[in-house]
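Protein chains: 2
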Amino acid sequence: MKKLKDVGERWITRYINSTLREKVEKLSRLSVGDDAIDIPSPQKILVAIDMMVEETDIPRGISWRDVGYRAVTSTTSDIAAKGGKPIAYLVSLGLPPNMLLQDFEELWKGIIEAAEIYGGVVVGGDTNTSSKVIIDVVCIAEPPQRLVSRSGARVGDIVAVTGLFGSHSAGLHALLNNIEDDTAIKAIEKMLRPVARIKEGRVLSEYATSCIDSSDGLAESLYILSESSNIGFRVDHPPIDVIAEKYSEKHSVDLLDLVFYGGEEYELVVTIKPEVWEEACREIEEVGGRLIKIGHVIDEPGKIYVRWGGEFIELRKRGYTHFLESSFSR
Amino acid sequence: MKKLKDVGERWITRYINSTLREKVEKLSRLSVGDDAIDIPSPQKILVAIDMMVEETDIPRGISWRDVGYRAVTSTTSDIAAKGGKPIAYLVSLGLPPNMLLQDFEELWKGIIEAAEIYGGVVVGGDTNTSSKVIIDVVCIAEPPQRLVSRSGARVGDIVAVTGLFGSHSAGLHALLNNIEDDTAIKAIEKMLRPVARIKEGRVLSEYATSCIDSSDGLAESLYILSESSNIGFRVDHPPIDVIAEKYSEKHSVDLLDLVFYGGEEYELVVTIKPEVWEEACREIEEVGGRLIKIGHVIDEPGKIYVRWGGEFIELRKRGYTHFLESSFSR
Numbered sequence: 656m657k658k659l660k661d662v663g664e665r666w667i668t669r670y671i672n673s674t675l676r677e678k679v680e681k682l683s684r685l686s687v688g689d690d691a692i693d694i695p696s697p698q699k700i701l702v703a704i705d706m707m708v709e710e711t712d713i714p715r716g717i718s719w720r721d722v723g724y725r726a727v728t729s730t731t732s733d734i735a736a737k738g739g740k741p742i743a744y745l746v747s748l749g750l751p752p753n754m755l756l757q758d759f760e761e762l763w764k765g766i767i768e769a770a771e772i773y774g775g776v777v778v779g780g781d782t783n784t785s786s787k788v789i790i791d792v793v794c795i796a797e798p799p800q801r802l803v804s805r806s807g808a809r810v811g812d813i814v815a816v817t818g819l820f821g822s823h824s825a826g827l828h829a830l831l832n833n834i835e836d837d838t839a840i841k842a843i844e845k846m847l848r849p850v851a852r853i854k855e856g857r858v859l860s861e862y863a864t865s866c867i868d869s870s871d872g873l874a875e876s877l878y879i880l881s882e883s884s885n886i887g888f889r890v891d892h893p894p895i896d897v898i899a900e901k902y903s904e905k906h907s908v909d910l911l912d913l914v915f916y917g918g919e920e921y922e923l924v925v926t927i928k929p930e931v932w933e934e935a936c937r938e939i940e941e942v943g944g945r946l947i948k949i950g951h952v953i954d955e956p957g958k959i960y961v962r963w964g965g966e967f968i969e970l971r972k973r974g975y976t977h978f979l980e981s982s983f984s985r
Numbered sequence: 656m657k658k659l660k661d662v663g664e665r666w667i668t669r670y671i672n673s674t675l676r677e678k679v680e681k682l683s684r685l686s687v688g689d690d691a692i693d694i695p696s697p698q699k700i701l702v703a704i705d706m707m708v709e710e711t712d713i714p715r716g717i718s719w720r721d722v723g724y725r726a727v728t729s730t731t732s733d734i735a736a737k738g739g740k741p742i743a744y745l746v747s748l749g750l751p752p753n754m755l756l757q758d759f760e761e762l763w764k765g766i767i768e769a770a771e772i773y774g775g776v777v778v779g780g781d782t783n784t785s786s787k788v789i790i791d792v793v794c795i796a797e798p799p800q801r802l803v804s805r806s807g808a809r810v811g812d813i814v815a816v817t818g819l820f821g822s823h824s825a826g827l828h829a830l831l832n833n834i835e836d837d838t839a840i841k842a843i844e845k846m847l848r849p850v851a852r853i854k855e856g857r858v859l860s861e862y863a864t865s866c867i868d869s870s871d872g873l874a875e876s877l878y879i880l881s882e883s884s885n886i887g888f889r890v891d892h893p894p895i896d897v898i899a900e901k902y903s904e905k906h907s908v909d910l911l912d913l914v915f916y917g918g919e920e921y922e923l924v925v926t927i928k929p930e931v932w933e934e935a936c937r938e939i940e941e942v943g944g945r946l947i948k949i950g951h952v953i954d955e956p957g958k959i960y961v962r963w964g965g966e967f968i969e970l971r972k973r974g975y976t977h978f979l980e981s982s983f984s985r
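Right, dumping it as structure tokens:
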């Protein structure tokens, strides 16, 4: 089996460029592989960057193709949260010389596949030697007319999400523990192919008072919005995915953990004025998405109350945070 | 001594954001630290990305501040080669939990320092846990009126560079071998603080027929231009830095290696029509730079001849390439 060190960087660069050339030619005056690349842009651009490191961000048991797909999805989700429409992607890779060629090719295919789904063109990047795989994805996007920050939530606003939560964490749990029943398989499938909410984000840029993606978990997203907007939340209807509920029962995993502290779900969490709620829902449905009301903004800065098992509990703040010792056990 | 794991990602993010806030506010409608950030752009933008990985790209003995400075310089040099004017930078960091806080702060200061020198604003990025330091820098720039590719060199064009070569490799050699005489110290100083040729690149975008930066070594740059443009080069006047020459004599290091196979020098290598040569030189001098004629484009695709010690030799192709076994010995 050939490894990257058998072919060298030049081969890798040629391989990458050959998969990009046709589309980049239509977009740029420079050719793929030049020092820099020019991109048509609207008068303003929106950019986001997100790095994945094999050691901490890539669970074992995921195919390289899915790893590539998820890396692009993760950055795209940040763009979606601000209502952007992807134009171009740049991808920096750190690759171990002992990586199998076919694994690298699968990784790259996943990257290209996701970029195509989100309507952006991969225009180039950089390759490097490293001991573990590193994937850093930049997305350059067309911003919407109106930009929604994290700080605009006001008391009385509805808080809503673009999908249900918990199945991703259940899938991760199943994968790491080799659980393979029907529920586990459904959860894993969903976890491997999250979808960045580009279309929903575009619509929400017209209606939302604040917006964030949920890549670090629903609880973390609510906390960030509450801190940025200086408000609190009452969550009457936690957005529990039925797969997560079943998985929780079968395998005795805490459902609150699955739903609120999971992460790697790329739904949007937004606040919206009640007056425009129905209109926003209608427009989201028109683009094929959905908007799920989970509660309200309240006048208690930093507090998040969730109706859980018949009573209200206060959500503790313990999102996933890198660097603290505990994060390594994950 | 405090380490990153003692303070956590949130502290790091706050630290980073506090150093960026003031300038980003002037540039963007969104705040620093939001999912994505909007940037004013001309109708077209120019982008480049370059990753540095501690294991392979960061020689021992360099201060973290210089590491940060050099990472930004490296990406900026790609932009300079295409005549771009930096607008904004995004920086993705992989950081080991055991890294000392003060080392991280120095690294970040070097990043900010370089961005300011090059006239761009660091608008955000991403932080991650990794076993070794990773610095991935994106530069978003205003493209020049005219974009110069790698493929426009024609027979009879002058080939020129924006600076002398060899002192960087000498500096690296001195650093790795703990050599500390006067020449070595001069070489090390020059190596630690290379300058991306933004002003020169802007001028050259009006005059050059092809242009590339020399981050992988002068020989490699000449080879890439020769392959892209399907021509060859005769180098009558190798651009030897006097520091490299002295160092070579004192420490028995091959001068040809230092000058042609060094890398990490961020000069530009360009071809220019003889008719506009003098005008180009004048304009480059006006912006404080210099243009050094080293030879001509010849009609022998892929061949590079260099006048060396009274005779012409053919340059072998052996730039630094990642992934091949040999690259690890570097």
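Same order as they appear, the protein sequences are chains A and B. Using the working numbering, you'd call the opening residue of the first sequence number 656 and step up by one each time. Using the working numbering, you'd call the opening residue of the second sequence number 656 and step up by one each time. Note that CB positions come from ideal geometry on N, CA and C, so glycine has one too.
For the pair glycine 723 of chain A and leucine 859 of chain B, the Cα-to-Cα distance works out to about 38 Å. Here DSSP, grouped into helix, strand and coil, assigns methionine 707 of chain B to strand.
Around the beta-carbon of histidine 828 of chain A, 16 or more other beta-carbon atoms lie within 10 Å, marking it buried.
Only Ile704, Asp705, Met706, Met707, Val708, Glu710, Thr711, Asp712 from the stretch 704-731 of chain B bring a Cβ to less than 8 Å from some Cβ of chain A. Between the beta-carbon of alanine 769 of chain B and that of threonine 728 of chain B there is about 6 Å, and that keeps the pair under the 8 Å contact cut. Within 10 angstroms of the beta-carbon of glycine 811 of chain B lie fewer than 16 other beta-carbons, which makes it exposed. By a beta-carbon distance limit of 8 Å, isoleucine 953 of chain B contacts glycine 887 of chain B. Their separation comes to about 5 Å. Burial check for valine 942 of chain B: the Cβ neighbour count within 10 Å stays below 16, so the residue is exposed. Buried is the label assigned to aspartate 721 of chain A, since at least 16 other Cβ atoms lie within 10 Å of its Cβ. The DSSP-derived three-state label of glutamate 875 of chain B is helix.
DSSP places asparagine 753 of chain A outside both helix and strand once states are collapsed to three, so it counts as coil.
Look at the stretch 765-790 of chain A: the residues with a C-beta under 9 Å from a C-beta of chain B are Val778, Gly779, Gly780, Asp781, Thr782, Asn783, Thr784, Ser785, Ser786, Lys787, Ile789. About 7 Å separates the CB atoms of leucine 750 of chain B and threonine 784 of chain B; that is less than 8 Å, so the two are in contact. At a cut-off of 8 Å between beta-carbon atoms, isoleucine 813 of chain A makes no contact with chain B. Per DSSP, the continuous alpha helix (DSSP H) segment holding threonine 730 of chain A begins and ends at 719-736.
The alpha-carbon of lysine 841 of chain B is positioned some 35 Å away from that of lysine 928 of chain B. Taking 8 Å as the cut-off, the beta carbon of glycine 856 of chain B is found closer than this to the beta carbon of leucine 923 of chain B.
Residues Val708, Gly749 of the same chain have their beta carbon placed closer than 6 Å to that of isoleucine 789 of chain B, with the five preceding and five following residues left out of the count. Runs of the alpha helix (DSSP H) lying entirely within the stretch 833-877 of chain B and spanning at least 4 residues, in chain order: 837-847, 853-862. With a threshold of 16 other beta carbon atoms within 10 Å, isoleucine 968 of chain B falls short and is exposed. Within the stretch 926-954 of chain A, no residue places its CB atom closer than 7 Å to a CB of chain B. C-alpha of glutamate 882 of chain A to C-alpha of glycine 957 of chain A: approximately 6 Å in a straight line. From the beta-carbon of leucine 745 of chain B, the residues of chain A found nearer than 9 Å are Val702, Ala703, Ile704, Val793.
Apart from the 5 residues on each side of it in sequence, tryptophan 719 of chain B sits with its Cβ closer than 8 Å to the Cβ of Asp758, Phe759, Glu761, Leu762, Gly765 in its chain, given in chain order. Beyond the five residues adjoining it in sequence on each side, arginine 889 of chain B comes within less than 7 Å, by CB distance, of Gly950, His951, Ile953, Tyr960 in the same chain, given in chain order.
Under the three-state reduction of DSSP, glycine 779 of chain B is assigned to strand. In the DSSP assignment, arginine 805 of chain B is bridged to no other residue. The beta carbon of arginine 801 of chain A sits closer than 8 Å to those of Gly738, Ser860, Glu861, all from its chain and outside the five residues before and after it, given in chain order.
In the displayed model, alanine 691 of chain B falls within coil according to three-state DSSP, outside both helix and strand. Taking 8 Å as the cut-off, the beta carbon of threonine 926 of chain A is found no closer than this to the beta carbon of alanine 851 of chain A. Where lysine 905 of chain A is concerned, the enclosing alpha helix (DSSP H) starts and stops at 897-906.
Beta-bridge analysis with DSSP links proline 956 of chain B to no other residue.
Taking 7 Å as the upper bound on Cβ-Cβ separation, chain A lies near no residue of the stretch 669-680 of chain B. Shown here, proline 741 of chain B sits in a strand according to DSSP, grouped into three states.
With a threshold of 8 Å between beta carbons, glutamine 757 of chain B makes no contact with chain A.
Along the stretch 838-868 of chain B, going in chain order, the ones with a CB nearer than 7 Å to a CB of chain A are Ile867, Asp868.
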